Amino acid sequence: MIKGELQIDGRKAVKCGFHTPSHAPGDIVLRPGSLNTVEFLPTIIEKLLESPKEDSKPVYIYPTAPIICHPAPPPPTPPTCLLHSYRDPFILSFMFYYTLTSKLILFYRYWVPMMRGLGLVFFAFFLVLATLLQVTTSHGEQPLSRIVVQNTELHLSENAYVKASPSILGLKGQNFEWVTLEYASRNPSIDDWIGVFSPADFSASTCTPDDGSKLAPPFLCTAPIKYQYANYSSPGYRKTGKGSLRLQLINQRSDFSFVLFSGGLSNPKLMAVSNKVAFTNPNAPVYPRLAQGKIWNEMTVTWTSGYGINEAEPFVEWGRKDGDRMHSLAGTLTFDRNSLCGAPARTVGWRDPGFIHTSFLKELWPNAVYTYKLGHKLFNGTYVWSQEYHFRASPYPGQSSVQRVVIFGDMGKDEADGSNEYNNYQRGSLNTTKQLIQDLKNIDIVFHIGDICYANGYLSQWDQFTAQVEPIASTVPYMVASGNHERDWPGTGSFYGNSDSGGECGVLAETMFYVPAENRANFWYSTDYGMFRFCIADTEHDWREGTEQYKFIEHCLASVDRQKQPWLIFLAHRVLGYSSSTFYADEGSFEEPMGRESLQKLWQNYKVDIAIYGHAHNYERTCPIYQNICTSKEKSYYKGTLNGTIHVVAGGGGASLADFTPINTTWSYFKDHDYGFVKLTAFDHSNLLLEYKKSRDGKVYDSFKISRGYRDITVCTVDSCPSMTLAS
């Protein structure tokens with residue numbers, strides 16, 4: 001959103017209606033939506049460089065950004081008519097707003113002597129800056145980024161201490177343990193906080209040239225893996241100087257220490273360091289993630305360990321329940337700082353990722369239950385094992401059986417102990433995870449469509465996310481898509497040049513999770529599950545007509561046999577279809593700009609049933625729609641041909657919620673500003689149910705059903721069949 005004010009000889013800008021008689025031909029009209037097109041700026045400058053004129057030529061800057069096409073209704077707020085003179089000096093004041101929350105993020109006031117050339121340079125600069133500031137994220141900052149670790153100073157005190165117990169964790173093979181801290185300070189403050197560091201030993205010796213000053217490295221250049229304020233569970237800490245805290249740790253391939261800081265998060269002063277705490281085997285294989293392979297009867301298992309290929313051989317022992325066991329070897333991947341693209345991932349957020357192993361379990365029997373466990377054969381002949389897990393193999397493509405699919409985006413991670421203040425960042429994440437675990441016996445496969453854990457360059461958070469979803473991902477295929485917080489980084493080939501990945505530039509998502517893509521750097525792929533065909537797009541790469549991804553999408557949609565797999569589902573992170581979220585409405589597109597323009601003809605031609613997106617942190621469902629027109633007035637029970645595609649936003653997995661515009665979008669049938677997820681149930685080839693469930697209670701708050709036969713899919717609708725002529 002852009003607001004402007006021009007003052008000429010004391011005269012303020014005046015409000016005017018929509019297309020009043022004072023709008024003369026040739027008037028300059030500026031809209032934020034137009035500013036997204038670079039080619040538009042020379043046109044503006046060219047017009048402004050015309051010969052000086054009197055106060056007769058208005059400039060219109062629209063508060064909202066719809067692209068006006070005549071005839072059109074008045075916008076929600078009238079445009080501001082700004083009279084200007086090229087001869088007189090004036091004050092140009094611009095306010096730039098964070099487009100979703102409308103919070104003021106910058107106010108710039110500049111006195112410009114309106115000379116030809118210089119004044120226009122500043123004017124063009126403001127326009128470009130305004131465009132760059134039109135962001136579409138709807139969540140807060142990564143909590144760990146609030147800690148300015150480079151400012152840490154050493155203030156060890158004999159009167160301050162931190163004690164942690166127990167010191168040995170996982171004696172019964174657990175990978176999760178609670179630790180109790182007791183601490184004290186002679187000069188307590190409400191800003192005192194506890195940081196959890198892993199590895200336990202940290203000092204300037206671990207710093208790299210990128211981490212600090214060229215003259216001397218900072219004392220600390222590694223962010224903690226979590227933190228909590230000292231008075232969190234001890235409200236009397238400020239008076240007594242003593243407190244206690246319980247924190248949950250997971251096995252992350254190294255030991256831990258706990259540090260008491262004063263000075264708040266901006267100027268940390270290290271006062272005391274605890275004893276070390278460690279799991280009995282920090283290198284143990286942990287947090288398996290299932291995913292479908294490239295063919296229907298193949299399941300992949302990916303996990304993390306501290307064992308490299310020079311220390312042990314990774315494998316999976318598996319087989320039918322009560323049947324023979326076999327061993328399938330696993331491939332091993334890892335990466336270093338140089339594989340990443342920028343800070344904080346390469347600097348304060350860096351943490352050794354360990355080793356990521358993937359094994360391929362092949363020739364599975366449809367719907368059969370298999371058990372498996374992760375193994376490492378050390379070179380001394382001993383074995384290290386995980387606990388035993390189980391999964392059900394995927395159905396044969398076209399198989400008629402009840403098939404249940406859960407879909408959501410933007411879940412992120414949360415902390416069961418309340419640390420990191422994640423309750424203000426991804427407060428719905430634990431609820432979503434809890435509901436899926438409770439209903440796991442009624443779920444066959446999960447799709448997490450982007451913005452996976454919001455590590456944003458703090459690599460320790462990926463371990464914590466895989467630990468959070470382990471009960472789900474170890475039991476059913478956990479398929480992921482790429483979002484802006486996994487991939488986007490300037491100059492790395494992402495479609496958007498922002499810094500949302502925190503320097504990860506896709507490396508973590510591509511390594512930590514397996515997807516059956518031809519090239520995981522291009523995160524688009526297809527997968528079959530019984531009567532479903534899923535086409536998963538990568539919105540962080542160009543999807544428009546003529547691109548490699550566009551060709552993939554068309555092939556995915558065109559190659560499915562709808563007689564065997566009648567339910568065709570399109571998935572993507574950013575909303576390429578329809579959304580009433582504020583940041584899309586402010587842009588005037590009600591979609592990702594350029595989103596559906598190329599794709600809607602594919603959806604229509606190949607009769608895509610449902611398209612589901614994340615990115616907008618809410619839930620919304622449209623009518624069956626094509627080219628902005630609802631093709632059915634029915635809202636809950638669709639019989640026969642849909643004649644369009646139903647678009648669903650399911651971005652309320654856990655990250656802070658996004659608001660809806662007050663504009664009445666007639667194609668929107670249901671909106672919910674809450675956390676939740678979508679569940680699809682295919683009962684057979686003719687009946688499909690979509691349910692929207694809230695994360696807080698698991699109850700259904702919206703649903704619709706589709707009933708039809710194969711003939712209804714083959715029926716020609718608008719733009720879905722080749723055109724006919726008398727000759728044909």
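For what it's worth, full-length UniProt numbering labels the leading residue of the sequence shown as 1, then goes sequentially. Where is the CB? At the ideal position from N, CA and C, for every residue including glycine. If you're wondering where the values come from, they're calculated on a predicted model, not measured in any experiment.
Counting only residues of its own chain and dropping the five nearest sequence neighbours on each side, Q435 has a CB closer than 6 Å to the CB of S695, G698.
Looking only at E141, Y237, C341, the smallest Cα-Cα distance to G493 is reached by C341. In the DSSP assignment, no residue is bridged to F465. Within 10 angstroms of the beta-carbon of C505 lie 16 or more other beta-carbons, which makes it buried. Annotation for S526: C535, C556 place their beta carbon closer than 6 Å to its own, counting only its chain and skipping 5 residues before and after. If you check the CB distance, I356 and T302 come in under 8 Å. Taken through DSSP and simplified to helix, strand or coil, M512 comes out as helix. Beta-bridge partners assigned by DSSP to T302: R289, T358. Cβ-Cβ distances below 6 Å link Y396 to P366 in the same chain, with the five nearest sequence neighbours on each side left out; the list follows chain order.
Straight-line measurement puts the Cα of E634 at about 20 Å from the Cα of Y710. Looking from the CA of F408, the closest CA among G428, Q399, V402 belongs to G428.
Within the UniProt domain "Purple acid phosphatase Fn3-like" (162-281), complete beta strand (DSSP E) segments of at least 3 residues are found at 176-184, 193-197, 226-229, 242-250, 257-262, 269-273, given in chain order. Pairing R574 with E592 gives a Cβ-Cβ distance under 8 Å. Between the stretch 671-686 and the stretch 474-492, the count of Cβ pairs shorter than 8 Å is below three; the stretches do not touch. C-alpha of V149 to C-alpha of S266: approximately 8 Å in a straight line. Proximity of the stretch 510-525 to the stretch 361-381 falls short of the contact definition, fewer than three beta-carbon pairs being nearer than 8 Å. DSSP lists K679, S703 as the bridge partner or partners of E691. Between the alpha carbons of P490 and T304 lies a distance of about 29 Å.
Nearest C-alpha to N151 among F219, D674, Q426: F219.
Bounds of the beta strand (DSSP E) holding T645 are 645-650.
Below 8 Å, enough C-beta pairs join the stretch 559-568 and the stretch 603-614 to call them touching: three or more. Judged by DSSP in its simplified three-state form, N431 adopts helix. C535 is bridged by DSSP to S526, F570. Put simply, of L459, V649, Y237 the residue whose alpha carbon is nearest the alpha carbon of D336 is L459.
Under the DSSP assignment, H615 falls outside any alpha helix (DSSP H); it carries neither an H nor an E label. In this structure D538 is buried. Its beta-carbon is surrounded by 16 or more other beta-carbon atoms within 10 angstroms. About 17 Å separates the CB atoms of L576 and H617; that is not less than 8 Å, and the two are not in contact. 8 Å or more divides the Cβ of G644 from the Cβ of Y669. Closest by C-alpha distance to S274, out of Y287, F256, N283, is F256. In this structure, the alpha-carbon of G264 lies about 11 Å from that of Q228.
Annotation for N231: I190, Y237, R238, G243 place their beta carbon closer than 7 Å to its own, counting only its chain and skipping 5 residues before and after. For P471, the enclosing alpha helix (DSSP H) starts and ends at 470-473. Contact between the stretch 345-363 and the stretch 318-333 is present: three or more C-beta pairs spanning the two stretches fall below 8 Å. Per DSSP, reduced to three states, the secondary structure at F583 is helical. In this chain, the beta strand (DSSP E) harbouring K639 covers 637-639.
When only Cα atoms are considered, W318 and Y370 end up about 7 Å apart.
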